[in-house]
Every structure is written in C-alpha cells, then in structure tokens.
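Novice: My numbering numbers the first residue of the sequence shown as 1 and each following residue consecutively.
Idealized CB from N, CA, C, for every residue including glycine.
Structure in structure tokens, see below.
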Amino acid sequence: TPRTSIALEHGSHRLGKRTDEMMQTWRNYGLGQFIHWGLYAIPGGHWEGKYYGGAAEWIRSWKDMPNEAYDELYKEFDPQNFDPRAWAKQAKSLGAKYMIITTKHHDGFCLWPSEYTDYDVTNSPYGKDIIGPLVEAYDAEGIDVYLYFSVMDWNHLGYRSKLETEEDREAYEGFKEFTRNQLLELLDLYPTTKGLWFDGTWDAAWKEQAAFADKLETEMREKIPGLIIGSRFRPDDYGNRHFDSNGDLMGDYEQGWERKLPETFEDTKGNDWDCVMTVPENQWGYHSDWRGHVKTSFELIEMLVKSVSLNGNFVMNFGPDGQGSIREEETKLAAEIGDWMDVNHEAIYGCGYLDWKKQDWGYYTKNRETGKVYMVVFNRPLNGALRVKTPSKIGLEKVYSLKEPSVTYEPEEVHKDEYFIHLKESKTSKGPVVIVIEPTK
Ligand code: JFZ
1 TPRTSIALEH GSHRLGKRTD EMMQTWRNYG LGQFIHWGLY AIPGGHWEGK
51 YYGGAAEWIR SWKDMPNEAY DELYKEFDPQ NFDPRAWAKQ AKSLGAKYMI
101 ITTKHHDGFC LWPSEYTDYD VTNSPYGKDI IGPLVEAYDA EGIDVYLYFS
151 VMDWNHLGYR SKLETEEDRE AYEGFKEFTR NQLLELLDLY PTTKGLWFDG
201 TWDAAWKEQA AFADKLETEM REKIPGLIIG SRFRPDDYGN RHFDSNGDLM
251 GDYEQGWERK LPETFEDTKG NDWDCVMTVP ENQWGYHSDW RGHVKTSFEL
301 IEMLVKSVSL NGNFVMNFGP DGQGSIREEE TKLAAEIGDW MDVNHEAIYG
351 CGYLDWKKQD WGYYTKNRET GKVYMVVFNR PLNGALRVKT PSKIGLEKVY
401 SLKEPSVTYE PEEVHKDEYF IHLKESKTSK GPVVIVIEPT K
C-alpha cells in the first residue's frame, strides 16, 4: 500500500522499532510499577468533609476546593513514613522490572529540589529531595527508574492552555524555557534515569510547539544515550500527537493505552507499547475512600499476561498516602501478584506475542530468545482440554507444567495441526496455571 507522504520537519524520526540494547531491555520488562505521589495525597479525595469523586490527583480542579487552599498544601508536606528502600523492596517482590515516579504532576509541585521554582520539596516541612533517594533505592534493587513529568503546570505563571494574545505568547516563551530547564536539570541530577514518561501535553498551546519539543527531545537524548521517551511528548508540524500526520509513531513506544488494553495484535499496529493501569476504576493519586469496583489480583494478572501476549508492558499504579505509606489494599495485591510471579515469571520476562490462533482458555506468550511458548490458563474448559492450533509444520516437541516440569503432557492430536492438552494441574491451584510448550523448529 502506498504511504501518504506529507513533508514534515518534526514528524517521526524512525520507521519501525528501536533495536538497541536499552530498548530491548524495555521491551523485555513485562511488568512495571507506577507511583503517583504529590500534594494531592494529603487531602486524599476530600475537602472540608466533602467527597471528591474524580481522580484524587485532580482535586485542585474541583469547584469545591479553592485553588488557594490547594496551593498551601505544600506547607503540610512532611511524609514521616516515607521509606524509599521499603518501596523498592516491595516493588522487587511484586516482580516489577521498572518504576515510573511522578516528579511533577499537573499541580506543578516538584518532588525534587528544583533551581527553577520555589514550589518544591525544599520549601515543604519535609525539606529534602524525594526523587534522589527513590532512584538510589530502586537502582539498588535492580529496578530501572523512569521519570513521569507533566508539561501542563497549574503553578507556573507563564503556563497557558491556549495562546490567544501577544501577552500569552510572551508568557508561554518563559514557560517553555522553564520546562526545558527542569527537564535538563532532572537528567543532570539523576543520570541513571532510563527514560521519561510524559503527560499533560494535550493542550492547544503545546500542540503548536513542534520545533521546540523536537529540539528539546534531541537535547534530552544527547544527555543520556539510549534514553526512552514514549509517544506522548511532542506534537508534529500540524499538532498531531502520538502518530504524526503520516500515521507514523513518534517516540519509542505507543503511550496511548491508559486504563485500557488493546484487544488484538492489529490494535497495536505492531508497535512497542505500555499500558498504565489503576487499581480502582480511575484513581492514580491517593484517595482515602475508594468507591466502585476495585480490581483483584487475578484481574491484574490477566491484564499483565494479556499485555505481554500482545507485545506490551503492563504498569500497575500505586498511590502512597500523605505520610508516605503504601495503602493496605495495594500491599496485599502486590504480595498476591508477587506470589504468582515467583512461580510463573518465566512466562512474562523476555516474552511477547506469538502468532498462533488465540484460544478461549487464555493467552500465549513466547520467549523472544528461547522460542519457548507459554500457555497461561485463565478459563478452564469443563472437559479440562486445552485446544492448541499450530501453524502448519510446527509440532509440539515437549509440553510440561511450568510449576512442576516433571509433570509432562502427551498432546492428543484432534485434527492435523490441532491438539488437546488435558490439564492435570489441580483445580485448587492458586491463580492461572502455566503450561510450557517447546515447539519443533
Ligand atoms: C493523565 C493524568 O491526567 C492523570 O492524572 C494520570 O497521571 C494519568 C497517568 O495521566 O491522564 C490521562 C492521560 C491520557 C489519557 C487519559 C488520561 N488518554 O490518553 O486517554
């Protein structure tokens, strides 16, 4: 099919995937941890006895909470329970290979000491850097750190959502310089950063900044070779985001899967991608009073496996409270998912999409190096038989239980290239079971 071709100065810089080592590492993570932490954790979804039903980190935008009140919260930021090493240990036992931390959310409050604003941790009673100790603790556990950064900033006087007047444009120039300074500052302060996770880039004003954002992205990449930046940073010449005007992905992976998952491989267009997921329906920052559906560990494990089966990473969110404690619900989920990962991580790390016909019992994943195939079973058929259809000329050399490799299977050939594997694993086994297939070459 002929590609449309609009001449772009600031469109995609690359067709196809990055193949360098840092990107391979990213691709093989499987599971990540997101942490939303900031001043919004203090009110935790309430103001003067009233309940805010929106996402807790958006409470400043709620008509019932005056901006002035929110903007004083930094005077209460003093998280006495903040223990970065405990967070990192928990993430490790969850099985997370990378972590994304909100250095600055939409409110503009910086969790690092920034030279470019007073609205940061050093002016809170806590008085010291949060990001540095976190990076150090996660680095020590071997978990790669990514910095979340909101371009949209409700605190900076030069910020505008749209540029209507000359005054707006002038003010916004100052804001752009500020944004550039902060980003380069972060990379200077935390040089082990593996990538940036951008947000708050949807406003009309930012969509006009193709040239600026392109240059800044280049500068950031020069600071840390191999740096990973998703598709949610820069607009192209026509203000298109994620995909440029020719439909080509901008950035290193598609960042559009927020609280939702692709259904099919086609939905992913074959790109690298991550899915970021909340535990309740839509709460990122700490909300003391979760209402509505709260996901179980089985649901989250299924989303993780589905992501990997479609070549994506799955990132589970945590919202620590105003004192720096991770809530019980998240601690319990992390332990449950971690227990499953202890036994079954081989079906996750280093794994991706397999082009065999999907079956109703669950998901296939495939190790990119060994070629081993994993069947992760979420729905047990009543007859206990798992159907497997292979592409022609590919047979099943060895089939066995991941948990107990001595438990092997003799697939029953139903038709040509179609088999039944009769499950032996106990019906009481905790969570989805995994069967390994070593296909014939
Ligand atoms: C943004 C933030 O507004 C939110 O607070 C949270 O930090 C989340 C991770 O990111 O919310 C979004 C971003 C993108 C989409 C939807 C909500 N999107 O692409 O549909």
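Output the distance between the C-alpha atoms of P191 and K424, rounded to the nearest integer angstrom.
Specialist: Distance between the alpha carbons of P191 and K424: 50 Å.
Novice: Kindly provide the chain-ordered list of residues whose Cβ lies closer than 5 Å to any non-hydrogen atom of the ligand JFZ.
Specialist: Here the residues come out as E57, D199, E258, W284.
Novice: Measuring only the C-alpha atoms, how far is T440 from N383?
Specialist: Between T440 and N383, the C-alpha separation is close to 27 Å.
Novice: Is Y364 closer than 8 Å to Y349 when the C-beta atoms are compared?
Specialist: Contact flag unset, no.
Novice: Beta-carbon within less than 7 Å of I394's beta-carbon, same chain only, minus the 5 sequence neighbours each way: which residues are those?
Specialist: Excluding positions up to five away in sequence, the list reads P439, T440.
Novice: Rounded to a whole number of angstroms, what is the C-alpha to C-alpha distance between S233 and K416?
Specialist: Position check: residue 233 holds Phe in this sequence, whereas Ser was assumed. The alpha-carbon atoms of F233 and K416 are separated by roughly 49 Å.
Novice: Suppose you measure from the CA of H106 to the CA of T193; what does that come to, to the nearest Å?
Specialist: Each residue's alpha carbon lies about 21 Å from the other.
Novice: Please go through the same chain and pick out, in chain order, the residues whose beta-carbon is closer than 7 Å to the beta-carbon of S309, but skip the five residues on each side of it.
Specialist: Within the same chain, S309 has close Cβ partners Y353, Y363, Y364, T365.
Novice: Is it right to say Y148 is buried, meaning 16 or more other beta carbons lie within 10 angstroms of its own, or is it exposed?
Specialist: With 16 or more other Cβ atoms within 10 Å, it is buried.
Novice: Identify which residue in I59, A55, L39, H36 has its Cα closest to the Cα of W47.
Specialist: W47 has its Cα closest to that of I59, out of I59, A55, L39, H36.
Novice: Decide yes or no for the touch test of the region 202-215 against the region 154-171: beta carbon pairs closer than 8 Å, at least 3 of them.
Specialist: Yes, the region 202-215 is in contact with the region 154-171.
Novice: Nearest-angstrom Cα distance between W154 and A69?
Specialist: Taking the straight line from one Cα to the other gives about 14 Å.
Novice: Based on Cα-Cα distance, which residue from F314, I326, I301 lies nearest to F434?
Specialist: Residue identity differs from the one stated: residue 434 is Val in this sequence, not Phe. Selected option, being the one with the closest Cα: I301.
Novice: Measure the alpha-carbon distance for L157 versus E167 and round it to whole angstroms.
Specialist: Distance between the alpha carbons of L157 and E167: 12 Å.
Novice: Would you kindly report the start and end of the unbroken beta strand (DSSP E) that includes F109?
Specialist: Careful: F109 lies outside any beta strand (DSSP E) and carries neither H nor E.
Novice: Rounded to the nearest angstrom, how far is the Cβ of I228 from that of M23, given a contact under 8 Å?
Specialist: Going by Cβ atoms, the distance from I228 to M23 rounds to 7 Å, so yes, they are a contact pair.
Novice: Alpha carbons only, please: which of G251, D237, K306, W290 is nearest the one belonging to D267?
Specialist: Ranking G251, D237, K306, W290 by Cα distance to D267 puts K306 first.
Novice: DSSP state of N311, grouped into three classes?
Specialist: Coil.
Novice: Are R387 and E418 touching if we call contact CB-CB under 8 Å?
Specialist: In this structure, E418 lies closer than 8 Å to R387 by Cβ.
Novice: Taking contact to mean at least 3 C-beta pairs separated by less than 8 Å, is the region 310-325 in contact with the region 282-289?
Specialist: They touch, by the three-pair rule.
Novice: Sort E254, K269, N282, F265 by Cα distance to C275 and report the nearest one.
Specialist: Of E254, K269, N282, F265, the residue nearest in Cα terms is E254.
Novice: Run the CB neighbour count on K97, radius 10 Å, all protein chains shown included, and call it buried at 16 or more, exposed below.
Specialist: With 16 or more other Cβ atoms within 10 Å, it is buried.
Novice: Mapping DSSP to helix, strand and coil, what is Y40?
Specialist: Looking at Y40 - three-state DSSP - the assignment turns out to be helix.
Novice: Among E115, L134, A137, L111, which has the Cα closest to the Cα of P125?
Specialist: That would be L111, whose Cα lies nearest to the Cα of P125.
Novice: Where does P439 sit, in a helix, a strand or coil, going by DSSP?
Specialist: In the structure shown, P439 sits in a strand (DSSP, three-state: E or B).
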